[in-house]
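Chains as they are written, first to last, in the numbering used here: chain A, 1 to 169; chain B, 170 to 358.
This is how it looks when you write it as structure tokens:
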């Protein structure tokens, strides 16, 4: 290998890749004429390229890619089919920002209505067991009225002594 | 990017399947060459082609035209092929006998001994390529298989032309060492 080989080394690869300027190309070709190791290096690079490229060139010619496109097409079509949520959105014909502006106050109003009407709708009605009992007993001496509340265990008794008087315990 | 290609991409972005087919027909061989160059296996390369175009059509809405479309395609193809190799390393592959049988049946026009020799070289090549760092492998495939210029490679790989040359240089050197006995080494050290 000549001393100038190291300086030409970088240009040799550029020359092999057809990336040299005209002047650089002349320089490399002049060097190659008198340098066997650089010729061998160039040949080795050519061999490597052929080894890498030839099988690819051979197989690519055989490919039709028909089934590959069919698979891609199927994939695209599957993705293009709208989901049921998208179908509902489309049916309402609302775009996303519009839908957001409309439905937030709508939901708020609905919740307010439910909050107002639910106490009326689900108002508790007293059951028979919770009814108070009032009894009235008439006698010759005192008339008695008894009020009993079952829920709170409270009893009120009125004693009526006569037409004017009244006492309670 | 020419007007026609810009129009084609714009139609693809609107979901026009005829435009997608045109894009596929235009780039399928390029993508296949990159994929095959990396994986060195026909079926795997075809799977990669399929994956690349599905990815491209799904993300084509993000393509703003700031770079050339072909560099976008090449970049997607290379990344997908390298990811595929990484995944494959983790999972189990076909046995050597199965692969050899498949290779021989794929090459009916070749003499059996020639086909076997080619298969051996392909295996060695696949092994050697797998040993290269990803960026050197990408540089080798872009240049040696697909024949891209340094400038095109720099765009596709997102680096300078100097980096491209360096990756190519070290990639070639390493491949020549790994393929000693199959490919003649140069006179330099």
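For glycine and all other residues, C-beta sits at the position ideal for the given N, C-alpha and C.
I'd like to know if residue i contacts chain A, where contact means its C-beta is closer than 8 Å to some C-beta of that chain.
i              : result
residue 179(B) : no
residue 211(B) : yes
residue 154(B) : Coverage of chain B is limited to positions 170 through 358, which leaves residue 154(B) absent and any answer about it impossible.
residue 326(B) : no
residue 314(B) : yes
residue 301(B) : no
residue 318(B) : yes
residue 296(B) : no
residue 350(B) : no
residue 339(B) : no
residue 265(B) : Confidence in residue 265(B) is poor, its pLDDT being 48 and thus under 50, which makes the residue's placement unreliable; the coordinate value appears in the next sentence. False, the Cβ-Cβ gap to chain A never drops below 8 Å.
residue 207(B) : no
residue 342(B) : no
residue 195(B) : no
residue 201(B) : yes
residue 321(B) : no
residue 347(B) : no
residue 273(B) : Caution applies to residue 273(B), whose pLDDT of 49 falls short of 50 and renders its modelled position unreliable; the value that the coordinates give is listed next. By this cut-off, residue 273(B) is not an interface position.
residue 173(B) : no
residue 191(B) : no
residue 219(B) : yes
residue 291(B) : yes
residue 305(B) : no
residue 215(B) : yes
residue 283(B) : no
residue 182(B) : no
For chain B, find out if any of its Cβ atoms is closer than 8 Å to the Cβ of residue i; answer yes or no.
i             : result
residue 95(A) : The predicted model places residue 95(A) with a pLDDT of 49, which falls under 50 and marks its position as unreliable; any figure quoted below should be read in that light. No, because no Cβ of chain B sits closer than 8 Å to the Cβ of residue 95(A).
residue 74(A) : no
residue 11(A) : no
residue 44(A) : yes
residue 48(A) : yes
residue 7(A)  : no
Exposed or buried, residue i, counting other C-beta atoms within 10 Å across all chains shown (16 or more means buried)?
i              : result
residue 115(B) : The shown model of chain B, from 170 to 358, leaves out residue 115(B), and the question about it has no answer.
residue 123(A) : exposed
residue 154(A) : exposed
residue 21(A)  : exposed
residue 56(A)  : buried
residue 50(A)  : exposed
residue 297(B) : buried
residue 8(A)   : buried
residue 44(A)  : buried
residue 95(A)  : Reliability of the predicted coordinates at residue 95(A) is poor, the pLDDT of 49 falling under 50, and the value obtained from them is presented with this limitation in mind. With fewer than 16 Cβ atoms within 10 Å of its Cβ, residue 95(A) is classed as exposed.
residue 263(B) : Annotation note: pLDDT 49 at residue 263(B) (below 50); position unreliable, coordinate value reported separately. Classification of residue 263(B): exposed, given that the 10 Å Cβ count is below 16.
residue 17(A)  : buried
residue 205(B) : buried
residue 333(B) : buried
residue 146(A) : exposed
residue 120(A) : exposed
residue 187(B) : exposed
residue 211(B) : buried
residue 253(B) : buried
residue 348(B) : buried
residue 31(A)  : buried
residue 112(A) : exposed
residue 104(A) : exposed
residue 107(A) : exposed
residue 324(B) : buried
residue 286(B) : exposed
residue 156(A) : exposed
residue 58(A)  : exposed
What is the C-beta distance between residue i and residue j, in whole angstroms, given that I count them as a contact (C-beta under 8 Å)?
i              : j              : result
residue 320(B) : residue 330(B) : 6 Å
residue 313(B) : residue 52(A)  : 5 Å
residue 336(B) : residue 60(A)  : Residue 336(B) to residue 60(A), Cβ: 24 Å. No contact.
residue 132(A) : residue 149(A) : 5 Å
residue 234(B) : residue 175(B) : 7 Å
residue 223(B) : residue 72(A)  : 6 Å
residue 352(B) : residue 27(A)  : Between residue 27(A) and residue 352(B) the Cβ distance is about 27 Å, and since that is not below 8 Å, they are no contact.
residue 221(B) : residue 249(B) : 5 Å
residue 189(B) : residue 226(B) : 6 Å
residue 322(B) : residue 308(B) : 6 Å
* Asked: Pairing CB atoms from the segment 329-343 of chain B with CB atoms from the segment 289-308 of chain B, are three or more of them under 8 Å?
  -> yes
* Asked: Three or more beta-carbon pairs under 8 Å between the segment 244-252 of chain B and the segment 177-189 of chain B, yes or no?
  -> no
* To do: Taking only beta carbons into account, state which residues of the segment 51-70 of chain A come closer than 7 Å to chain B, listed in chain order.
  => 51, 52, 53, 55, 56, 59, 60, 63, 65, 68, 69
* Asked: For the segment 16-34 of chain A, which residues have a CB atom closer than 8 Å to at least one CB atom of chain B, in sequence order?
  -> 17, 19
* Asked: Quick one: any contact between the segment 31-42 of chain A and the segment 52-71 of chain A, if contact means 3 or more CB pairs under 8 Å?
  -> no
* the segment 189-200 of chain B contacting the segment 233-242 of chain B, beta-carbon criterion three pairs below 8 Å -> In short, these stretches touch, since the Cβ pair count reaches three.
* Asked: According to a CB-to-CB cut-off of less than 7 Å, which residues of the segment 225-250 of chain B neighbour chain A?
  -> 226
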